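**Q** Handing you a structure now.
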Amino acid sequence: MCDERFTYIGNRQVWGKDNEPFGIFEHDRAFHMHIIGKTGTGKSTLLRNMMIQDIHNGYGVALIDPHGDLADELLDHIPPHRFDDVVYFNPADVEYPIGLNLLEDVPIDERHLVASGIVCSFKSIWRDSWGVRMEYILYATVASLLDCQNTSILGIQRMLTDSQYRAWVVKQVKDPRIRSFWVDEFAKYDERFMREAVAPIQNKVGQLLVAAPIRNTFGQIRSGFNPRFMMDDSRILIASLAKGKLGEDKANLLGALLVTQFQLAAMARANMPESERRMFYLYIDEFSNFTTDSFASILSEARKYRLSLVLSHQYSGQVSDQIHDAIYGNVGTHVAFRVSSKDAELLAQDFGEEFRSSHFTDLSNHEAYIKKLSDGEQIQPFKGKTFPPLEVPHNKKEKLIQLSRKKYGVSRKTVEDRVCRWSTILPT
Numbered sequence: 261m262c263d264e265r266f267t268y269i270g271n272r273q274v275w276g277k278d279n280e281p282f283g284i285f286e287h288d289r290a291f292h293m294h295i296i297g298k299t300g301t302g303k304s305t306l307l308r309n310m311m312i313q314d315i316h317n318g319y320g321v322a323l324i325d326p327h328g329d330l331a332d333e334l335l336d337h338i339p340p341h342r343f344d345d346v347v348y349f350n351p352a353d354v355e356y357p358i359g360l361n362l363l364e365d366v367p368i369d370e371r372h373l374v375a376s377g378i379v380c381s382f383k384s385i386w387r388d389s390w391g392v393r394m395e396y397i398l399y400a401t402v403a404s405l406l407d408c409q410n411t412s413i414l415g416i417q418r419m420l421t422d423s424q425y426r427a428w429v430v431k432q433v434k435d436p437r438i439r440s441f442w443v444d445e446f447a448k449y450d451e452r453f454m455r456e457a458v459a460p461i462q463n464k465v466g467q468l469l470v471a472a473p474i475r476n477t478f479g480q481i482r483s484g485f486n487p488r489f490m491m492d493d494s495r496i497l498i499a500s501l502a503k504g505k506l507g508e509d510k511a512n513l514l515g516a517l518l519v520t521q522f523q524l525a526a527m528a529r530a531n532m533p534e535s536e537r538r539m540f541y542l543y544i545d546e547f548s549n550f551t552t553d554s555f556a557s558i559l560s561e562a563r564k565y566r567l568s569l570v571l572s573h574q575y576s577g578q579v580s581d582q583i584h585d586a587i588y589g590n591v592g593t594h595v596a597f598r599v600s601s602k603d604a605e606l607l608a609q610d611f612g613e614e615f616r617s618s619h620f621t622d623l624s625n626h627e628a629y630i631k632k633l634s635d636g637e638q639i640q641p642f643k644g645k646t647f648p649p650l651e652v653p654h655n656k657k658e659k660l661i662q663l664s665r666k667k668y669g670v671s672r673k674t675v676e677d678r679v680c681r682w683s684t685i686l687p688t
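Numbering (the numbering used here), first residue to last: 261 to 688.
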């Protein structure tokens, strides 16, 4: 059931009976897709079916999964002709971590965007204890490290505690305002004020980076994969960020940073002719875990760079009013499975005056109301039943995991030896 440029979703329902299949064209998917529903109503099956079709049709796909189950299931559905395209990113695999160096080889005119994106990602997990001074110092630190070769975000902690390392970094800073901060401001803090200023960053960043999965992922100088290359070459990233193995704050930070990386990679396509930008599908399960202050801009800007988002979550209260408004203002296709009475009232208002909240609370599993685009025009919402799993698993998960480890991972001992050496000497 795989047709290039068309993605099947399910069957329309009229008078309780399944009728003709329905789906969505590639040019309409460019306006993104939003899926909402309680646990067990059919969201994961729909996501898996759509990704399987995209992968069979040769598209680039990324999945960010905060639980790990959907990621594992998808591995069992990769066809052999796409094995070499897969990167299985699982930070909980401490024996062969895949590097993600956010500071690696960033073009000089994009560094301020990367610094802002990293800071926004940190802010998203510490929102309740965030401060202006903390953001100011953290931005200056990240921006400075971006001007240096062979650095990673492990340098944040070291730059605030190691005066020799800080001096080495500051010598290479190109932005006169950032250099002035370190020379004319930070260096003149008295000991007590400096300690109070950097303590929140040290405590929070230190707590994250001391964990082996995070340290060995972010501490590698060379990344195992490049989001821009993956988009341009139609590769497949399956990111398993299982909270039960990583911890909620670490999983959320990793997810937020991955979303930011793809946003920046998409924006960097501005230097590429529009006709050469391949469509890339970014699936984010429980996306509310990974939203940052810039998430609304992704929804409004990503389409022109051919980055299409598929966002799934359980209820509206998980996102801020700003994100909620951005979704209903910028997303072209909405799929609503069974929801709570509160969400049902919101959906009834959005879907149209003929809808009541009971339409959305009385659905059976895999039934949904769909509001979608057709050739760029919004059509009348309708009821449908999403397809069951489209194919049986290939049971090649373990083979793919080992292939990905071998191609993109680095042994734990090698990584930890390099990190230990880096932490005790000044880079050259």
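Just so it is clear, CB atoms sit at the ideal spot from N, CA and C, and this is done for glycine as well.
Being a predicted model, the structure only gives us computed values, none of them experimental.
Out of curiosity, what's the CA-to-CA distance linking residue 588 and residue 581?
**A** Here residue 588 refers to the residue found at position 328 when the sequence shown is read from its first residue. Here residue 581 refers to the residue found at position 321 when the sequence shown is read from its first residue. Going by the C-alpha atoms only, they are around 11 Å apart.
**Q** Let's test the definition: count the other Cβ atoms within 10 Å of the Cβ of residue 487 and tell me whether it reaches 16, buried, or not, exposed.
**A** On the sequence shown, residue 487 is found 227 positions in, with the first residue counted as 1. Label assigned to residue 487: buried.
**Q** Kindly indicate which three-state DSSP category residue 644 falls into: helix, strand or coil?
**A** To locate residue 644, count along the sequence shown from 1; it is residue 384. It is a strand residue.
**Q** Restricting to Cα atoms, I'd like to know which of 296, 305, 642 and 297 is closest to residue 651.
**A** Along the sequence shown, read from residue 1 onward, the residue named residue 651 stands at position 391. The option with the nearest alpha carbon to residue 651 is 305.
**Q** Could you please give me the residues that DSSP links to residue 422 through a beta bridge?
**A** Counted from its first residue, the sequence shown places residue 422 at position 162. Per the DSSP secondary-structure output, residue 422 pairs with nothing in a beta bridge.
**Q** If you pair each beta-carbon of the segment 625–632 with each one of the segment 307–317, do three or more pairs fall below 8 Å?
**A** no
**Q** Does the distance from the C-beta atom of residue 230 to that of residue 567 stay below 9 Å?
**A** No statement about residue 230 is possible, as the shown extent of the chain runs from 261 to 688 and does not include it.
**Q** Excluding the five sequence neighbours on either side, which residues of its own chain have a C-beta within less than 8 Å of the C-beta of residue 555, listed in chain order?
**A** As a first step, residue 555 must be located in the sequence shown, where it is residue number 295. For residue 555, where only same-chain residues beyond five positions count, the Cβ hits under 8 Å are 519, 583 and 586.
**Q** Excluding the five sequence neighbours on either side, which residues of its own chain have a C-beta within less than 8 Å of the C-beta of residue 653, listed in chain order?
**A** Taking the first residue of the sequence shown as position 1, residue 653 is located at position 393. Non-local C-beta neighbours of residue 653 in its own chain, meaning closer than 8 Å and more than five positions away in sequence, comprise 333, 336 and 337, ordered along the chain.
**Q** For residue 597, which option in 290, 279, 301 and 282 has the closest C-alpha, if you only look at C-alpha atoms?
**A** Walking along the sequence shown from the start, residue 597 turns up at place 337. Here the closest residue by C-alpha is 301.
**Q** Can you give the Cα-Cα distance for residue 590 and residue 599, rounded to whole angstroms?
**A** Here residue 590 refers to the residue found at position 330 when the sequence shown is read from its first residue. Here residue 599 refers to the residue found at position 339 when the sequence shown is read from its first residue. Rounded to the nearest angstrom, the two C-alpha atoms are 21 Å apart.
**Q** Can you list, in chain order, the residues of its chain with a C-beta nearer than 6 Å to that of residue 687? Leave out the 5 residues immediately preceding and following it.
**A** Taking the sequence shown and counting its residues from 1, the one referred to as residue 687 is at position 427. If we look at residue 687 and ignore the five residues flanking it on each side, its Cβ neighbours are 410.
**Q** Please look up how many angstroms separate the CB atoms of residue 273 and residue 643, rounded, as I've assumed it's under 8 Å.
**A** For the purposes of this step, residue 273 is taken as residue 13 along the sequence shown, with counting starting at 1. For the purposes of this step, residue 643 is taken as residue 383 along the sequence shown, with counting starting at 1. About 5 Å; that satisfies the 8 Å criterion.
**Q** DSSP beta-bridge partners for residue 281?
**A** Looking up residue 281 in the sequence shown gives position 21. Looking at the DSSP assignment, residue 281 forms a beta bridge with 271.
**Q** Only counting the same chain, and skipping five residues up and downstream in sequence, which positions put a Cβ closer than 6 Å to that of residue 495?
**A** As a position in the sequence shown, residue 495 is number 235, starting the count at 1. Cβ within range, chain order: 320 and 345.
**Q** Can you name, in chain order, every residue of its own chain whose Cβ lies under 6 Å from the Cβ of residue 711, other than the five neighbours on each side?
**A** Nothing can be reported for residue 711: it is not among the residues displayed for the chain, which extend from 261 to 688.
**Q** Tell me which same chain residues have a C-beta within less than 8 Å of the C-beta of residue 339, skipping the five on either side of it?
**A** Indexing the sequence shown from 1 puts residue 339 at position 79. Within the same chain, residue 339 has close Cβ partners 315, 316 and 654.
**Q** Looking at residue 385: is its Cβ nearer than 9 Å to the Cβ of residue 573?
**A** Start at 1 with the first residue of the sequence shown, and residue 385 comes out as number 125. Start at 1 with the first residue of the sequence shown, and residue 573 comes out as number 313. Taking 9 Å as the cut-off, the beta carbon of residue 385 is found no closer than this to the beta carbon of residue 573.
**Q** What does the Cβ neighbour count give for residue 393, buried or exposed, with the cut at 16 atoms within 10 Å?
**A** To locate residue 393, count along the sequence shown from 1; it is residue 133. Residue 393 comes out exposed.
**Q** Locate the beta strand (DSSP E) running through residue 568, then write down its first and last residues.
**A** Reading the sequence shown from its first residue, position 308 is the one you call residue 568. Here the beta strand (DSSP E) through residue 568 covers 567–573.
**Q** With residue 631 as the anchor, note down where its beta strand (DSSP E) starts and where it stops.
**A** Indexing the sequence shown from 1 puts residue 631 at position 371. Looking at the DSSP string, the run of the beta strand (DSSP E) that includes residue 631 is 627–631.
**Q** Going by the CB atoms, is the gap between residue 469 and residue 408 shorter than 9 Å?
**A** Taking the first residue of the sequence shown as 1, we reach residue 408 at position 148. Taking the first residue of the sequence shown as 1, we reach residue 469 at position 209. Their beta carbons are not under 9 Å apart, which means residue 408 does not touch residue 469 by this criterion.
**Q** Roughly how many angstroms lie between the CA atoms of residue 530 and residue 498, to the nearest whole one?
**A** Walking along the sequence shown from the start, residue 530 turns up at place 270. Walking along the sequence shown from the start, residue 498 turns up at place 238. So the alpha carbons of these two residues sit roughly 26 Å apart.
**Q** Buried or exposed for residue 401, please, with buried defined as at least 16 other CB atoms from any protein chain shown within 10 angstroms of its CB.
**A** Working through the sequence shown from its first residue, we reach residue 401 at position 141. Residue 401 is buried by the Cβ-count criterion.
**Q** Helix, strand or coil, according to DSSP, for residue 594 in the structure here?
**A** Mapped onto the sequence shown, residue 594 falls at position 334. Residue state, collapsed to three classes: strand.
**Q** Could you tell me which of 439, 323, 327 and 330 sits nearest to residue 347, measuring between CA atoms?
**A** For the purposes of this step, residue 347 is taken as the residue at position 87 of the sequence shown. Nearest C-alpha to residue 347: 323.
**Q** For residue 292, tell me which candidate among 351, 461 and 539 has the shortest Cα-Cα distance.
**A** One-based indexing of the sequence shown puts residue 292 at position 32. The shortest C-alpha separation from residue 292 is found at 539.
**Q** Looking at the strands, I want to know which residues DSSP matches up with residue 349.
**A** What you label residue 349 is simply residue 89 of the sequence shown in a count that begins at 1. DSSP output for residue 349 lists 499 as bridge partner(s).
**Q** Rounding to the nearest angstrom, what Cα-Cα distance links residue 615 and residue 551 in this structure?
**A** Looking up residue 615 in the sequence shown gives position 355. Looking up residue 551 in the sequence shown gives position 291. The straight-line gap from Cα to Cα measures roughly 29 Å.
**Q** Residues bridged to residue 294 by DSSP?
**A** Counting from 1 along the sequence shown, the entry for residue 294 is found at position 34. For residue 294, which the question treats as bridged, DSSP gives the partners 571 and 594.
**Q** How far does the beta strand (DSSP E) with residue 461 in it extend, from its first residue to its last?
**A** Taking the first residue of the sequence shown as position 1, residue 461 is located at position 201. No beta strand (DSSP E) contains residue 461, which is instead part of the alpha helix (DSSP H) from 451–469.
**Q** May I have the straight-line CA-CA distance separating residue 444 from residue 664, to the nearest angstrom?
**A** For the purposes of this step, residue 444 is taken as residue 184 along the sequence shown, with counting starting at 1. For the purposes of this step, residue 664 is taken as residue 404 along the sequence shown, with counting starting at 1. Each residue's alpha carbon lies about 47 Å from the other.
**Q** Using the Cα positions of residue 559 and residue 528, report the straight-line distance between them to the nearest angstrom.
**A** On the sequence shown, residue 559 is found 299 positions in, with the first residue counted as 1. On the sequence shown, residue 528 is found 268 positions in, with the first residue counted as 1. In a straight line, the C-alpha of residue 559 is about 16 Å away from that of residue 528.
**Q** Check this for me: beta carbons of residue 379 and residue 366, under 9 Å apart or not?
**A** Translated into the one-based positions of the sequence shown, residue 379 becomes position 119. Translated into the one-based positions of the sequence shown, residue 366 becomes position 106. In this structure, the beta-carbon distance from residue 379 to residue 366 does not fall below 9 Å.
**Q** Between which two residues does the alpha helix (DSSP H) carrying residue 478 extend?
**A** Residue 478 sits at position 218 when you count from the first residue of the sequence shown. That run of the alpha helix (DSSP H) goes 472–478.
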